[in-house]
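Chains as they are written, first to last, in the working numbering: chain A, 1 to 450; chain B, 451 to 900.
Ideal placement from N, C-alpha and C gives every residue a C-beta, glycine not left out.
Given the structure is predicted, the values throughout are model-derived calculations rather than measurements.
First comes the structure, then the notes that go with it.
Protein chains: 2
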Amino acid sequence: MHNQTVVDLRIDADWIVPVEPAGMVLEHHSLIVGENKIQDILPSHEADTRYLFRERIRLPGHALIPGLVNLHGHAAMALLRGFADDLPLMSWLNERIWPAESRWLSPEFTLDGSRLACLEMLKGGITCFNDMYFFPDATIEAALEARMRVAAGIIAIDFASAWAADPDGYLQKGMEIRDAYRDQPLVSFCLAPHAPYSCGDKTLEKVQTLADQLDLPIHMHVHETHEEIHQSIERFKVRPLERLRRLGLLGPQFIGVHAVHLLDEEIALLAEQGCHIAHCPTSNLKLGSGVAPKTKLLEANINVGVGTDSAASNNRLDVFAEMRLAALLAKGISGRANAVPAHTALAMATLNGAKALGLDGQIGSLTPGKQADIVAVDLSGAATQPCYDPISQLVYSAGRDQVRHVWVAGEMVVKDGRCLSLDETAIVRRAHQWREKIAAGQVETKIVQN
Amino acid sequence: MHNQTVVDLRIDADWIVPVEPAGMVLEHHSLIVGENKIQDILPSHEADTRYLFRERIRLPGHALIPGLVNLHGHAAMALLRGFADDLPLMSWLNERIWPAESRWLSPEFTLDGSRLACLEMLKGGITCFNDMYFFPDATIEAALEARMRVAAGIIAIDFASAWAADPDGYLQKGMEIRDAYRDQPLVSFCLAPHAPYSCGDKTLEKVQTLADQLDLPIHMHVHETHEEIHQSIERFKVRPLERLRRLGLLGPQFIGVHAVHLLDEEIALLAEQGCHIAHCPTSNLKLGSGVAPKTKLLEANINVGVGTDSAASNNRLDVFAEMRLAALLAKGISGRANAVPAHTALAMATLNGAKALGLDGQIGSLTPGKQADIVAVDLSGAATQPCYDPISQLVYSAGRDQVRHVWVAGEMVVKDGRCLSLDETAIVRRAHQWREKIAAGQVETKIVQN
């Protein structure tokens, strides 16, 4: 008889998809959790002799995957889901979203919207999200209530909001929040200058200085629309990426969001600088922005993760949908059905996002020593039968509704599809109240305009 | 006190989206069902005085929509879901799908596969599907067990299969099946010549003659890939659509499936001939075929419905996903965020499909006098809150997992997300058995090839 180690949890599943190494599927293995971490992954019959466990969960017909990483979003905007559909980016921003925000933005708005978003994301297998919004402390509070990971954006933008008056105010408040939450293991930070068209050179220089001093990633919208590029050429005589290069923002700490419109030399530049891309295919289609050249980006060995963007431009905070669409678009646009195979799409939705955030030492794959951020997906129902290849089923057939259990840092936060950490009834009630106020506000605005 | 009519069923929902007229949303109305049909739709307070009902269902937070119409698929191929992913159409067909079919095709294969597909479709709100496959009588049997509508394809193809030896055999057997099921109210028929590259002129001439004699729609793959078009030019000196025009196949009875690669004059031809298009966006992307010019097709006033294609090239039989992707692609590819607004996408998934099948007098919208094919979608959960616009939520936010109840011809076939008409456990067990056989067959094939 072996000397048995006592651990917190043993999970047995028909399939474990660790994501690292790429494409591997482990059949009838057990995942061992202890002290918030993945301690071991081994054949179930070996687990019987090696470990004693406080809890054991048997999941026949299920696949275990790493928690999904949502590499770009604005969680609080869940309160504006479906508020302004079928509009192009600039009208969407200038005519609907920014006016509504200027009227309603507050710590309560951000807290209630972020709770709604965290609830949707966690139930859908997202355990970590990279956020950019006003009142980031309220979004952090929501994430901590949900007990999920957040990479909080230290937002900077050249116009005043209810959150801050000017770029220095944004950055100073962001720094204070970073100091306040720096000991929270579930919280990390990115500097988040909104976009080239909303941040002047001074703002971006300060962001760059802070990024260097504090060794923080920079999370920024870039090359989302042709209009943005034309504006930059008019105002700065260069395209946005070239401007960012001159300001020294590009590098391995840079996460460019969208990157829909890129010249080949700009793809080469991103590769050479070691930048990361947050690919948001649904949002780019829905706002009429286009399709990012993800096949070229991947061929250039650029690290590409996926993001939902906000519920106001998607309108689902669903990384299962994004990874599937990323794979489908790569094939359909390149004309090559083997572009972005299923295991690559799954890596984009997990490990690649973790790499971009500098968190791949802790999360992004089911690897002993990493945090136990785990999603159990039920593949036993009609919609994912028969199962010839679990990775293919996860990417092309499964939906977030098949997420059964979710663990973050070893703690079960979703059980049998129900979120244990948040109160769905209360969160939905608050969403109803916001809808009444915001919709009424719209009516008034319309009357005023007549 | 009025004289009250006694009816079978009254459904109260927060929103009724009849699809006709376009974009209409009725709040706090009741839908009245009697004798398999929609008898009335009226404000709930009026329903109180006008009707007595045997059953009443109250659905707060729900929207009622017409049953979804899946305008193109091969139901039985659900048994090959995920069997051959990340391959282009011609290798997918020639190297994987056709060899597997030639080995496994049988009435049992078609029956078991069709049951699996019907279960998935019905739970996802699809109440009518247009099918093309071998042993169509087995698919009809599965649809009748499920108690859903099927437009069965009288398939014709120039190669032998377990189902028939030659085109005359295919057509003759199809005619016999049509005679056998002609009195089934849930069953209709289309002539289904497989594709221009798999049907010679003789076959197509016979199909056209039958279509004229029997006044049947023609359901056919067309212009799916560049390769197919080049082959046609080599073999027939013209592109496939021109060949079909010369053979007299084009007209208001013609349902062209895919139509990915079209010249402007071909779009004009389809419009002038009153043809219908079955748009299958996921399948076209996944096989690397491309993106159909749906914005141009709609601008030419061509009737466009949506189809899932088979689970071997999609891999979800999910019309919610197809209508969403159809709307998103139209915006992203045209660069116009207002292209294919939500209500147009919903019409593509319902009324337009019914029109193509010649069934719009019976189904496709919630209209008094039409069959009671109704889907209740639960919009009350976090993922579809807040709800500013129910049509926007249905298309951009909701998923098939929010389908709560489904009625076909007034009969409840899905209740609280469970299919009442089919045995999910038995169907999944059979899918497992087929997987064992087919996967084993693959291994043998591989060994033989070594």
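| Asked | Found |
| --- | --- |
| Mind listing the chain B neighbours of THR282(A)? Cutoff is C-beta to C-beta under 8 Å, in chain order. | LEU778 |
| At 8 Å on the CB atoms, spell out the chain E contacts of LEU287(A), in chain order. | The structure shown contains no chain E; the protein chains it does contain are A and B. |
| Taking 8 Å as the threshold (C-beta atoms), are ASP12(A) and LEU42(A) in contact? | no |
| Spatial neighbours of GLN899(B) within its chain, please: CB distance less than 8 Å, with the 5 preceding and 5 following residues excluded, ordered by chain position. | Note that GLN899(B) has pLDDT 35, beneath the 50 cutoff, so the model's placement of it is unreliable and no number is given. |
| Mind checking if GLU266(A) is an interface residue toward chain B, Cβ cutoff 8 Å exclusive? | no |
| Does DSSP classify MET323(A) as helix, strand or coil? | helix |
| Rounded to a whole number of angstroms, what is the C-alpha to C-alpha distance between VAL475(B) and ILE466(B)? | 6 Å |
| In whole angstroms, what is the alpha-carbon distance linking GLY353(A) and ILE57(A)? | 28 Å |
| Determine the extent of the beta strand (DSSP E) in which GLY153(A) is found, giving its start and end residues. | 149-156 |
| Are the stretch 659-666 of chain B and the stretch 720-738 of chain B in contact at 8 Å, needing three or more beta carbon pairs? | no |
| Looking at chain A, which residues of the stretch 738-755 of chain B have a Cβ within less than 9 Å of any of its Cβ atoms? | GLY738, SER739, GLY740 and VAL741 |
| What residues match up with LEU492(B) in a beta bridge as DSSP calls it? | SER480(B) |
| Mapping the DSSP letters down to three states, classify ALA588(B) as helix, strand or coil. | helix |
| Starting from the C-beta of LEU666(B), find all residues in its chain whose C-beta is less than 8 Å away, skip the five residues before and the five after it, and write them out in chain order. | ILE604, PHE639, CYS640, LEU641, LEU660 and GLN703 |
| Return the CA-CA distance between LYS437(A) and SER102(A), expressed in angstroms with no decimal places. | 14 Å |
| Three or more C-beta pairs closer than 8 Å, one from the stretch 154-164 of chain A and one from the stretch 339-352 of chain A: is that the case here? | no |
| For a cutoff of 8 Å on Cβ pairs, would you count VAL413(A) as touching chain B? | no |
| Taking Cβ-Cβ distances shorter than 9 Å, what residues in chain B pair up with SER421(A)? | Simply none; closest approach about 13 Å. |
| Can the beta-carbon of SER289(A) be found closer than 8 Å to that of VAL257(A)? | no |
| Do we get a CB-CB distance below 8 Å when we pair HIS230(A) with the residues of chain B? | no |
| Looking only at C-alpha atoms, which of GLU145(A), ARG429(A), LEU249(A) and VAL340(A) sits nearest to PRO193(A)? | LEU249(A) |
| Give a yes or no on whether 8 Å exceeds the smallest Cβ distance from SER106(A) to chain B. | no |
| Report the partner residues of GLU505(B) according to the DSSP bridge assignment. | LEU459(B) |
| DSSP three-state label for LEU111(A), please. | helix |
| Thinking just about the alpha-carbon of each residue, which of GLY517(B), PRO516(B), GLU485(B) and ALA534(B) is nearest to the one in ILE391(A)? | ALA534(B) |
| Looking only at C-alpha atoms, which of PHE53(A), GLY23(A) and PRO21(A) sits nearest to LEU31(A)? | PHE53(A) |
| Can you tell me where the alpha helix (DSSP H) with PHE236(A) in it begins and where it stops? | 226-236 |
| Report all residues from its chain with a CB closer than 7 Å to the CB of LYS736(B); omit the five preceding and five following residues, and keep chain order. | SER763 and ASN764 |
| Is the stretch 674-691 of chain B close to the stretch 629-637 of chain B, with three or more CB pairs under 8 Å? | no |
| Specify the secondary structure class of GLY575(B) as computed by DSSP and reduced to three states. | coil |
| Assuming GLY399(A) and ASP851(B) make a contact with CB atoms under 8 Å, what is their CB distance in whole Å? | 6 Å |
| Quick one: is VAL377(A) near chain B, going by C-beta distance under 8 Å? | no |
| Measure the CB-CB distance between LEU262(A) and PRO293(A) and report whether it falls below 8 Å. | yes |
| Check whether the stretch 373-384 of chain A touches the stretch 745-755 of chain B, taking contact to mean three or more Cβ pairs, one atom from each stretch, closer than 8 Å. | no |
| Taking one C-beta from the stretch 409-418 of chain A and one from the stretch 122-134 of chain A each time, how about it: are there three or more such pairs within less than 8 Å? | yes |
| Nearest chain B C-beta to ASP389(A) closer than 8 Å, yes or no? | yes |
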